[in-house]
Structure formats: C-alpha cells, structure tokens
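*Asks:* Residues in the sequence shown are numbered from -15 upward in steps of one, following my numbering.
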Amino acid sequence: MEKKIISKLLSWYAKSKRDLPWRSNNLANPYYVFVSEYMLQQTTVPTVKTRFEEFIKKWPSNDQLAKTSETKILQFWSGLGYYSRARNLLKAAKIIHKVYDNKIPDTYEKLIQLPGIGDYTAKAILGIAYNKSVMPLDANIERILARLYALNQPLIKIKIQLLEKSNNFISKKHSSHLIQAFMDYGSIICTPKNPKCTNCKIQEYCLSYKKNIQSIIPTKISKSKLKPKPKQYTRSYVCINEKNEILVRQRPSKGMLASMLEVPNDMWRTKKSLLKKDDVIKKIKQRFIKKGLIKYSFSHFDLYSDIYFTRIKKNNFAKSKWLRVSLYTKSQLPTVMKKIVKQALVNTE
-15 MEKKIISKLL SWYAKSKRDL PWRSNNLANP YYVFVSEYML QQTTVPTVKT
35 RFEEFIKKWP SNDQLAKTSE TKILQFWSGL GYYSRARNLL KAAKIIHKVY
85 DNKIPDTYEK LIQLPGIGDY TAKAILGIAY NKSVMPLDAN IERILARLYA
135 LNQPLIKIKI QLLEKSNNFI SKKHSSHLIQ AFMDYGSIIC TPKNPKCTNC
185 KIQEYCLSYK KNIQSIIPTK ISKSKLKPKP KQYTRSYVCI NEKNEILVRQ
235 RPSKGMLASM LEVPNDMWRT KKSLLKKDDV IKKIKQRFIK KGLIKYSFSH
285 FDLYSDIYFT RIKKNNFAKS KWLRVSLYTK SQLPTVMKKI VKQALVNTE
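1. Hey, quick one: how far does the beta strand (DSSP E) through V232 stretch, first residue to last?
2. Note down the Cα distance separating S0 from H284, rounded to an integer number of angstroms.
3. My understanding is that Y5 touches F36, with C-beta atoms under 8 Å, so please give their C-beta distance in whole angstroms.
4. Using a 10 Å radius around the Cβ and a threshold of 16 neighbouring Cβ atoms, would you call G111 buried or exposed?
5. Output needed for I(-11): all residues of its chain with C-beta closer than 8 Å, excluding positions within five of it in sequence on either side, in chain order.
6. Just how far apart, CA to CA, sit G276 and S53?
7. Tell me the DSSP secondary structure of Y312 in three-state form.
8. Helix, strand or coil for N331, going by three-state DSSP, please let me know.
9. Rounded to whole angstroms, what is the Cα-Cα separation between L74 and L49?
10. Taking the C-alpha atoms as reference points, what is the distance between L317 and G239?
11. Can you give me the Cβ contacts of C184 inside the same chain, cut-off strictly under 8 Å, excluding the 5 residues immediately before and after it?
12. I'd like to know whether the C-beta atoms of D263 and N249 end up nearer to each other than 9 Å.
13. Pick from M251, K177 and D286: whose alpha carbon is nearest that of K211?
14. Cβ of Q327 within 9 Å of Cβ of I291?
15. Starting from F293, follow the beta strand (DSSP E) in both directions and report where the run begins and ends.
16. What does R219 pair with, by DSSP beta-bridge criteria?
17. What is the DSSP secondary structure of I144, counted as helix, strand or coil?
18. Among Y114, Q270, L147 and S117, whose alpha-carbon lies nearest the alpha-carbon of A130?
19. Tell me, which residues are paired with S281 by DSSP?
20. Can you tell me the Cβ-Cβ gap for L259 and T218, rounded? I've got them flagged as a contact below 8 Å.
21. Nearest by alpha-carbon distance to T254: which of R271, Q216, Y288 and V222 is it?
22. Between which residues of its own chain and I140 is the CB-CB distance below 8 Å, once the five residues before and five after are set aside?
23. Mapping DSSP to helix, strand and coil, what is N115?
24. To which residues does DSSP link W351 through a beta bridge?
25. Nearest-angstrom Cα distance between V325 and T313?
26. Within 10 Å of its beta-carbon, does V118 have 16 or more other beta-carbons around it, so buried, or fewer, so exposed?
27. Just to confirm the assignment, what range does the alpha helix (DSSP H) spanning I268 have?
28. Could you pull the start and end residues of the alpha helix (DSSP H) that T105 belongs to?
29. How is G276 classed by DSSP in three states: helix, strand or coil?
30. Given Y104, which residues of its chain have a CB within under 8 Å of its CB, disregarding the five upstream and five downstream residues?
31. Say yes only if the C-beta of N72 is nearer than 8 Å to one or more non-hydrogen atoms of the ligand COA, and no if none qualify.
32. Apply the 10 Å Cβ neighbour rule to R7 and answer buried if 16 or more other Cβ atoms are within range, or exposed otherwise.
33. Suppose you measure from the CA of Y92 to the CA of L135; what does that come to, to the nearest Å?
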C-alpha cells in the first residue's frame, strides 16, 4: 500500500506542486531551505513567500547573512513575529560561517546542534535540500497519516504511532520530492477542513475515507479541556515631540521581544493592581490622554495594554531614541508596538 501511495503522490506533485521561491526543479538550494524552514516555523506559507524573496535579496548567501547584525535582522523580521527565530537563524548562520565554511550541514548530528533547529527542521533540511532518506513530521504530514490509518485521536496523543507510520514512507531515491509532495498534498487536497476527497489520488488506501470519518480526523481536543491563556497587563505611553518623532527605546537583551524597539511601557504584570509607572514616564509633567485599550495574543499569554498619549519637547530627553511617526510602520518596532502606536494616533492632530 505504502509504495503505491508514494508513487501516486510523486506523480501528483510533478504536475501540481506549489510554486515556492525556495524550491527548484531538482534539489533545492540548501541555504534557501535553511532560511525558509526558520521562517516557516509558526508562520503560514503565503506570509513567508513574499518575505522570503525580500530576505534573499538582502542576504543572498550564508556568508552575507552571517556578517549582518542582530539589529538589522530584527528590523527585517518585524511583522513575522516569534523574534527568537530571527536571532537563532543569525546565530546558526554565524556558526555555519565559522565552523562549516558557509556550507549548510548535511548530517542530523550537526544540524540538531544549531540554535533553533529541532528534529523536524533538521529532517526537513536533510530531506528537501540533500535528498537524505528521512521523513519530517509537520502538521500536513501528520494529518495525512492520521487519516490514512484512521488514527482517531488528537495528534498530541499519537505522536509515537505517527512516527512509526512515517517510517513506511521514507524514500531512498526521491526523498526531497516526496516530502514536499506530502506537504503540498496536505495544503491543497487533504486540508484541515473539508478535505477534497473527490479529487484525492490516494482515497482507495485511506481508512478514514472508507469509514467516512475523514472530516473528524485529526480529532480535536475539547475546548473544555483547554486551559485559558494567562493574561498580562501593562500601560503604554506614546510620546511625540515637536518634530513629529516618537520616543522609543530598546528592550532588554533577554526575555520577550528581546532587543526590539518599544515605546515606554510599564513592566508587564499578571494583575493590573501590580502595575507601577515606568521611570521615564514619571519624569513627564504633561498630561496624558487615554487612547483606549488593545489586546495582543502571544503564543502563551494575552497582553492587555491601556494606551496613553502626550506631546513632549525633544530637548527634555536629549539622550533618548526617536522614531519618525511617518516611518513607524516600517521600523524595528514589533507588531504589538505598532498596534499601540496606531491606536495612540487615532484622532491626533
């Protein structure tokens, strides 16, 4: 059964694969795969597709990437979120430059030691870039396997079974194309909702289809069993000077949004009652106008921020950093800070 599935997926892929900038007709450029896998962690393909092309224009090789600064790569990464990926990508590029003479490693042992690379990413690079006989497990591949074998449990509970089943699809000759065929098939045909079973080339081998349970696999964990996200609170202050510049500063080098730019804000707390006014804001005598509230969802908590606005004189903050209002949307400010500034500027003359 598995050999027939492999053959049909490869035939389908040859005619119907997605046009993605990190691919080529034969083996992909290892550097392109390396960069794209970092960018695709927790980010959708359509979003990455455009940004990847911009990235490669800026840093077309590992050698050039390794020579850039954290500030520059974080500025580029604005809007993609999960900024630790950018830092890890740069750290890995520097190691590859220094230790491997800019050649992306082609062994699991070397790849797994690089910052930001886990089992999936290591196997994806090995399989797609170097045609090594592996099978990485991403959400698309896990979903296809769960449906093929009618594994009617939440994916989190069948990881070992999925790994065992995936071994049946490891290819000795066509690993690169087969891995990408699985990924594309999950994106185009065997989709999370409303799978296109009538167009499916492998439905005759699909136990879920035979049992008519393909629409409920993978099984979702009941919402009642999901813990609500923790909440954190802050107050953010957008201060603009007479030259139409925003008062900004750099966040600490460790922790959330490390080293990114921000507008002044109170230390984030789990309760509003614990908030203490930021030291910089204590020095401002001008009256602040409250401009509303935003909620921003991070992966593991929701941040609630009250937003305040005022105008100040630049001379009173001679050693501070400033950002022109007209440039803030393209700046190194992370998305949450851009949303705060946008809200603060509503109905502001």
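For every residue, glycine included, the Cβ atom is placed at its ideal position computed from N, Cα and C. In this text the structure is predicted, and so the values were computed from the model without any measurement.
*Replies:* Quick look at the numbers:
1. E229 to Q234
2. 37 Å
3. Reading off the sequence, residue 5 comes out as Pro, not Tyr. The pair is a contact, with the Cβ atoms about 5 Å apart (cut-off 8 Å).
4. buried
5. L132, F153, I186 and Y189
6. 36 Å
7. helix
8. coil
9. 7 Å
10. 16 Å
11. I173, C174, C190 and Y193
12. no
13. D286
14. yes
15. D286 to R295
16. D290
17. helix
18. L147
19. D286
20. 7 Å
21. Q216
22. I205
23. coil
24. Residue 351 cannot be examined here, being either before or after the span of the chain that is shown, -15 to 333.
25. 9 Å
26. buried
27. That residue, I268, is in no alpha helix (DSSP H); it is neither H nor E in DSSP.
28. D103 to A108
29. strand
30. P120, L121 and D122
31. As far as ligands go, the structure on display features none, and thus does not contain the ligand COA.
32. buried
33. 29 Å
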